[in-house]
Amino acid sequence: MKTFIVLPKKPEEAIPQEFQDDDNRFPECLVRFLIEEYTNPGDSVLDIFAGFGTTLFVAESMDRVPYGIELDLGRSEFIRKNLMAKDNIIHGDTRKLDDYAFPKIDLVVTSPPYMKHASRQDPLTVYTTEGHYSKYLEELVGIFHKLDKFLNPDTRVILEVSNLKGDEITTLAWDVAREVSKVLHFEGEIVVGWEGFDHGEGVYGYGYDHSYCLVFRKL
Ligand SMILES: C[S@@+](CC[C@H](N)C(=O)[O-])C[C@H]1O[C@@H](n2cnc3c(N)ncnc32)[C@H](O)[C@@H]1O
877 MKTFIVLPKK PEEAIPQEFQ DDDNRFPECL VRFLIEEYTN PGDSVLDIFA
927 GFGTTLFVAE SMDRVPYGIE LDLGRSEFIR KNLMAKDNII HGDTRKLDDY
977 AFPKIDLVVT SPPYMKHASR QDPLTVYTTE GHYSKYLEEL VGIFHKLDKF
1027 LNPDTRVILE VSNLKGDEIT TLAWDVAREV SKVLHFEGEI VVGWEGFDHG
1077 EGVYGYGYDH SYCLVFRKL
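If you use my numbering, the sequence shown corresponds to residues 877 to 1095, in order.
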């Protein structure tokens, strides 16, 4: 298994104009790489922060069964409109994972909404309520704890996360790895070098030109 890969950051598929200012998708090629590595045709693939549906669309195109949860109504409707398995995208709150019915899942690929240490807006309400970094990490731990019951023994849970440069560096990727390790077994990281997508602050957009795929499985 490679632990350092280089991929183009630019997504292959366009999204509608109304979403383009908030385009925080990971590219299809990353999801394709992970699905190839960790699943077989017919397996189920879940994204609990589905965003614009990259994980679900790639999974479906590779004959896997896609599932997802997305809090933002517009994004979840965009996914529903374009996915064949329309009932498999839930417009809902991942913090309430217990309320949703999923079969056993064979692979989870997701990227949580990011938070800087000094921010006071909660990413897990799409920045509509006050938040604190420690509470955000705590809630992420709660989410991955609830996810456990949907996992097979060899299901990988893969989180794409970056550290964040700003006035000070937020070690988000490392903090997420440490905290989520309390409820899932941390198997290691894949460093993804991103090329060819210039946000004006380094090719990736968070001050870095790489991010981490943190790979977990059941404890
Ligand atoms: C980094 S984006 C994911 C982008 C996705 N990987 C893609 O390629 O389109 C994180 C997503 O999590 C969603 N989100 C934030 N809080 C949530 C929650 N509590 N439950 C479900 N989704 C949530 C946001 O609306 C956002 O679309």
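Idealized CB from N, CA, C, for every residue including glycine. Note that the structure is a prediction, hence the values are computed from the model and not measured.
Leaving aside the five residues before and after residue i along the sequence, list all residues of the same chain whose C-beta is less than 7 Å from its C-beta, in chain order.
i, result
"F1084", "Reading off the sequence shown, one finds Tyr at residue 1084, where the question assumed Phe. Excluding residues within five positions, the ones whose Cβ falls inside 7 Å are S1038, N1039, K1041, G1078."
"I911", "V921, V934, A935, M938, R940, L983"
"S1055", "In the sequence under discussion, the amino acid at residue 1055 is Glu, which differs from the Ser named in the question. Within the same chain, E1055 has close Cβ partners L1013, L1016, V1017."
"F902", "T930, S987, E1036"
DSSP on residue i, reduced to helix/strand/coil?
i, result
"E1010", "Inspection of the sequence shows that residue 1010 is occupied by Ser rather than by Glu. DSSP places S1010 in helix when its eight states are reduced to three."
"L1040", "strand"
"Y1082", "coil"
"I891", "coil"
"T1001", "helix"
"L883", "strand"
"D899", "coil"
"L1095", "coil"
"S1087", "strand"
So, at 6 Å on beta carbons, what are the nonlocal neighbours of residue i in its own chain, with the 5 sequence-adjacent residues on each side left out?
i, result
"K1022", "L973, D974"
"T931", "V907, D923, V985"
"F1020", "V1056, V1059, L1060"
Based on Cα-Cα distance, which residue from the options lies nearest to residue i?
i, options, result
"I980", "T970, G950, D1030, R971", "What sits at residue 980 in the sequence shown is Lys, not Ile. Of T970, G950, D1030, R971, the residue nearest in Cα terms is D1030."
"L949", "G929, M960, P942, A961", "G929"
"D898", "Y990, H1061, I1045", "Y990"
"V1059", "F902, I1045, L1095", "L1095"
"F1092", "R951, K878, E1065", "E1065"
"T1046", "Y1009, W1070, N964", "Y1009"
"V1052", "K1011, L1027, F1026", "K1011"
"G968", "F925, C905, Q997, D1043", "F925"
"P887", "L1048, N900, G918", "N900"
"S1087", "E913, F1062, W1050", "W1050"
Since residue i is in the beta strand (DSSP E), which residue starts that stretch and which ends it?
i, result
"D1024", "Note, D1024: premise wrong, no beta strand (DSSP E); not H, not E."
"E1065", "1061 to 1071"
"L922", "920 to 923"
If you follow the alpha helix (DSSP H) that residue i is part of, which residue opens it and which one closes it?
i, result
"V907", "904 to 914"
"L824", "Since the first residue shown for the chain is 877 and the last is 1095, residue 824 is missing from the structure and cannot be characterised."
Note down, in chain order, each residue of its chain lying with its Cβ closer than 8 Å to the Cβ of residue i, except the 5 sequence neighbours on either side.
i, result
"F895", "F928, G950, R951, F954"
"I881", "F909, I1066, V1067, V1068, G1069"
"E1044", "H993, A994"
"L959", "G929, L932, F933, E936, P942, I965"
"G1007", "M991, S995, R996, Q997, D998, P999, L1000, T1001"
"Q893", "none"
"L883", "P903, C905, L906, F909, V1068, G1069, W1070, E1071"
Which parts of the segment 937 to 982 are runs of the alpha helix (DSSP H), unbroken and 4 residues or longer, counting only runs that do not cross its ends? 949 to 958
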